[in-house]
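Colleague: Sharing a structure here in structure tokens format.
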Amino acid sequence: MDQEVVDVASKVHYSFLPEDYSDEFVEIAVTVKPKGKIGGDFCSILPLNKKKLFVSACDVTGHNIASALYASRINTFVFAHAMQYKSPCHAINLLNTFLVQKLADTGMYATFCAVIFDFKDRTMRFASAAQPPIIFFHNRSGQIELLRSETTFLGFEDPLPVPCSTDQMQINSGDKILLYSDGLIESEDKNGCILGTQGVRNFTKSHYSLRSTEFNRTLIEYMLNSNNSKIKDDILLMTVTVK
0 MDQEVVDVAS KVHYSFLPED YSDEFVEIAV TVKPKGKIGG DFCSILPLNK
50 KKLFVSACDV TGHNIASALY ASRINTFVFA HAMQYKSPCH AINLLNTFLV
100 QKLADTGMYA TFCAVIFDFK DRTMRFASAA QPPIIFFHNR SGQIELLRSE
150 TTFLGFEDPL PVPCSTDQMQ INSGDKILLY SDGLIESEDK NGCILGTQGV
200 RNFTKSHYSL RSTEFNRTLI EYMLNSNNSK IKDDILLMTV TVK
């Protein structure tokens with residue numbers, strides 16, 4: 000495909016990507032590093048009201064314009080329906096139904112993670128479909144929990160073959176929540192060792208005091224320095240710091 004067309008498609012696609020977000024309750028940094036010019040990693044940050052916030056992340060198969068279009072369609076669907084969501088699983092099930100009905104013949108599929116923050120109750124409800132585990136750093140205890148995915152890829156089968164389950168966590172000032180694609184944890188160092196979830200956990204424990212934007216920048220730099228700046232898969236990283 001003509002490189003100029005790819006360049007324009009990339010510019011348009013990533014113009015929909017949310018900018019870093021901050022309000023009186025949280026700050027969120029968003030970093031996307033595609034393997035090539037364009038890819039299928041994407042995310043959304045949508046205030047539902049003054050004290051509720053919806054956050055999602057997706058990773059579509061492939062590293063091309065088709066992947067980007069699929070991810071953009073997920074994003075527009077989420078944007079159009081966010082106010083209807085009763086829970087993260089409600090979001091996942093509605094999205095899966097849409098993808099199966101409209102796009103199953105593309106042969107594409109996606110991972111997806113949805114989080115609803117309620118700052119009045121100081122809670123986050125979450126559910127994931129084949130996403131890497133959310134990394135939750137508890138500022139009060141210094142401990143890290145892995146909040147694992149419980150259902151399958153979206154876009155294959157409706158209803159989902161493995162029922163979705165929404166879980167809930169209490170949030171406190173200084174907590175950090177990381178949503179990311181597998182491109183982050185599958186990066187390798189110079190010796191061929193994979194960074195892995197454990198590597199990101201270790202990094203989070205030693206850098207938890209950084210603000211979200213600086214945290215993302217430092218983690219991505221660390222990853223690129225470890226593997227000679229070679230990106231082998233699209234990378235998405237969203238870091239939420241609770242105020």
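Residue numbering for the sequence shown follows numbering that gives the first Met the number 0, beginning at 0 and increasing consecutively. By construction, the Cβ of each residue, glycine as well, lies at the ideal position given by its N, Cα and C atoms.
#1: Below 7 Å CB to CB, which residues in the same chain sit around Leu93 once its five sequence neighbours on both sides are set aside?
#2: Shortest alpha-carbon distance to Thr96 belongs to which of Glu149, Arg210, Glu156, Asp104?
#3: Is it buried or exposed for Val25, if we count other Cβ within 10 angstroms and need 16 for buried?
#4: Which residue's Cα is closest to the Cα of Thr196: Ser205, His206, Glu185, Asn190?
#5: Taking a contact to mean a Cβ-Cβ separation below 7 Å, would you say Val161 touches Ile27 in this structure?
#6: When the Cα of Pro17 is compared with those of Asn201, Leu194, Arg72, Val54, which residue comes out closest?
#7: Looking at Ile143 and Leu177, is the spacing between their C-beta atoms short of 7 Å?
#8: Output the residue ranges of the alpha helix (DSSP H) runs that lie fully inside the stretch 67–136 and measure 4 residues or longer, sorted by chain position.
#9: Distance, Cα to Cα, Lys231 vs Gly61?
#10: Name the residue from Leu183, Asp104, Thr212 whose alpha carbon lies nearest to the alpha carbon of Gly198.
#11: Which of helix, strand or coil does DSSP assign to Tyr221?
#12: Please list the terminal residues of the continuous beta strand (DSSP E) segment that includes Leu16.
#13: Tell me Leu153's beta-bridge partners as DSSP assigns them.
#14: For Asn201, report the span of its alpha helix (DSSP H) as first-last.
#15: Report the three-state DSSP secondary structure of Glu185 (helix, strand or coil).
#16: Closest to Ile170 by CA distance: which of Lys119, Arg210, Ser66, Leu153 is it?
#17: Could you check the C-alpha separation between Val77 and Phe202 for me, to the nearest Å?
#18: Excluding sequence positions up to five away, which residues of its chain have a Cβ less than 6 Å from the Cβ of Ala129?
#19: Quick check on Thr30: buried or exposed, where buried means 16 or more other Cβ atoms within 10 Å of its Cβ?
#20: Should Cys112 go down as buried or exposed, given a rule of 16 or more other Cβ atoms within 10 Å for buried?
Modeller: The short version:
#1: His80
#2: Per the C-alpha coordinates, the member of Glu149, Arg210, Glu156, Asp104 positioned closest to Thr96 is Glu156.
#3: buried
#4: Glu185
#5: no
#6: Val54
#7: no
#8: 87–102
#9: Their Cα atoms are separated by approximately 12 Å.
#10: Minimum Cα distance to Gly198 is reached at Leu183.
#11: helix
#12: Bounds of any beta strand (DSSP E) do not take in Leu16, whose DSSP letter is neither H nor E.
#13: Ala109
#14: 195–206 is the extent of the alpha helix (DSSP H) around Asn201.
#15: Look at Glu185 here: in three-state DSSP terms it is coil, with no helix or strand label.
#16: Lys119
#17: 31 Å
#18: Thr110, Ser148, Thr151, Phe152
#19: buried
#20: buried
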